[in-house]
């Protein structure tokens, strides 16, 4: 299993440009998440999805959009990039246990985005 | 709501010193608890986990015990190495049906000196 993969690894955008961060997992996990991590800080949840066709906002969704058309893919779209979106973006996935609990999240390697 | 409080860093230790990183939580249900490690320039990796009270998670010489009575999940290692230098995150799973968000602490940076 490749686990959770993210592309690209690095990207520099100009203010106002758009881009899509790709995330794919091959573990057949229901739940997928997008986080951002600002320098020296913790994780902030942007969006999450509990299955194909179902997405919901996290703490900091403004300026981002997501879609989930398949179990494997969960792309994050940035429209009109702003310097405040300079961050490292992590995708993660997880799955419930059989007894209404939750297992750990599996994280991708991240995408470093700079907006100038 | 649910929350995780983690000790502030950075923590600087000499090689072979004993490590404790404190983590306490508040939760309405019965979460699973996790410690993740993030090495420089990398994503988060699961270090250890515990799924119920009194469980002890362990990996690579690190240990943490799920203490329901003190709502704590402190990370310990008896003898740290330079290669343990990283940021450590305490986290708890969703606790109630219909919620899906994991709660993370703010992270504790550990620096181990040779």
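Chains as they are written, first to last, in this note's numbering: chain A, 1 to 116; chain B, 1001 to 1114. Quick reminder that beta carbons are idealized off the backbone N, C-alpha and C, glycines included. These numbers were taken from a predicted model, which means no experiment stands behind them.
Residue i to residue j, Cα distance in whole Å?
i: residue 1022 (chain B); j: residue 28 (chain A); result: 34 Å
i: residue 6 (chain A); j: residue 1080 (chain B); result: 32 Å
i: residue 56 (chain A); j: residue 1041 (chain B); result: 28 Å
i: residue 51 (chain A); j: residue 19 (chain A); result: 23 Å
i: residue 1060 (chain B); j: residue 1020 (chain B); result: 15 Å
i: residue 1092 (chain B); j: residue 1049 (chain B); result: 9 Å
i: residue 106 (chain A); j: residue 3 (chain A); result: 7 Å
i: residue 41 (chain A); j: residue 82 (chain A); result: 19 Å
i: residue 1017 (chain B); j: residue 1075 (chain B); result: 14 Å
i: residue 79 (chain A); j: residue 71 (chain A); result: 24 Å
i: residue 60 (chain A); j: residue 1007 (chain B); result: 24 Å
i: residue 63 (chain A); j: residue 1015 (chain B); result: 44 Å
i: residue 89 (chain A); j: residue 1089 (chain B); result: 16 Å
i: residue 67 (chain A); j: residue 93 (chain A); result: 15 Å
According to DSSP, is residue i helix, strand or coil?
i: residue 1094 (chain B); result: coil
i: residue 1032 (chain B); result: coil
i: residue 1055 (chain B); result: coil
i: residue 39 (chain A); result: coil
i: residue 1004 (chain B); result: strand
i: residue 1079 (chain B); result: coil
i: residue 83 (chain A); result: helix
i: residue 1084 (chain B); result: helix
i: residue 22 (chain A); result: strand
i: residue 106 (chain A); result: strand
i: residue 60 (chain A); result: coil
i: residue 14 (chain A); result: coil
For residue i, count neighbouring C-beta atoms within 10 Å of its own C-beta (all shown protein chains included) and say buried if the count is 16 or more, exposed if not.
i: residue 1070 (chain B); result: exposed
i: residue 1112 (chain B); result: buried
i: residue 1084 (chain B); result: buried
i: residue 77 (chain A); result: exposed
i: residue 1134 (chain B); result: With chain B covering 1001 to 1114 only, the question about residue 1134 (chain B) has no answer from this structure.
i: residue 85 (chain A); result: buried
i: residue 1045 (chain B); result: exposed
i: residue 116 (chain A); result: exposed
i: residue 1108 (chain B); result: buried
i: residue 58 (chain A); result: buried
i: residue 8 (chain A); result: exposed
i: residue 1032 (chain B); result: buried
i: residue 10 (chain A); result: exposed
Only counting the same chain, and skipping five residues up and downstream in sequence, which positions put a Cβ closer than 8 Å to that of residue i?
i: residue 96 (chain A); result: 30, 31, 102, 103
i: residue 1056 (chain B); result: 1050, 1063, 1064, 1065, 1066
i: residue 1013 (chain B); result: 1019, 1080, 1110, 1111, 1112, 1113
i: residue 14 (chain A); result: 81, 115, 116
Which residues in the same chain as residue i place their Cβ atom closer than 7 Å to its Cβ, once the five residues preceding and following it in sequence are excluded?
i: residue 1086 (chain B); result: 1037, 1038, 1039, 1110
i: residue 1058 (chain B); result: 1048
i: residue 1043 (chain B); result: none
i: residue 1026 (chain B); result: 1002, 1003, 1071
Less than 7 Å between the CB of residue i and some heavy atom of the ligand MG, yes or no?
i: residue 5 (chain A); result: The ligand MG is absent from the structure shown, which contains no ligands of any kind.
Within the same chain, show all residues whose beta-carbon is closer than 6 Å to that of residue i, passing over the 5 residues directly before and after it, in chain order.
i: residue 1068 (chain B); result: 1053
i: residue 1077 (chain B); result: 1019, 1061, 1062
Applying a beta-carbon distance threshold of less than 7 Å, which residues of chain E neighbour residue i?
i: residue 1049 (chain B); result: Considering every chain present, this structure includes no chain E. Its protein chains are A and B.
Scan the region 77-110 of chain A for residues whose Cβ lies nearer than 7 Å to a Cβ of chain B and list them as they occur along the chain. 90, 100, 101, 102, 104, 105, 107, 108, 109, 110
When you check each C-beta in the region 1054-1081 of chain B against every C-beta of chain A, which residues fall closer than 9 Å? none
Any residues in the region 30-54 of chain A with a beta carbon nearer than 7 Å to a beta carbon of chain B? Which ones, in chain order? 31, 42, 43, 45, 48, 50
The region 1088-1109 of chain B: which residues have C-beta closer than 9 Å to a C-beta of chain A, in chain order? 1089, 1091, 1093, 1094, 1095, 1097, 1100, 1101, 1102, 1104, 1105, 1106, 1107, 1109
Against chain A: residues of the region 1018-1038 of chain B by CB proximity under 7 Å: 1032, 1034
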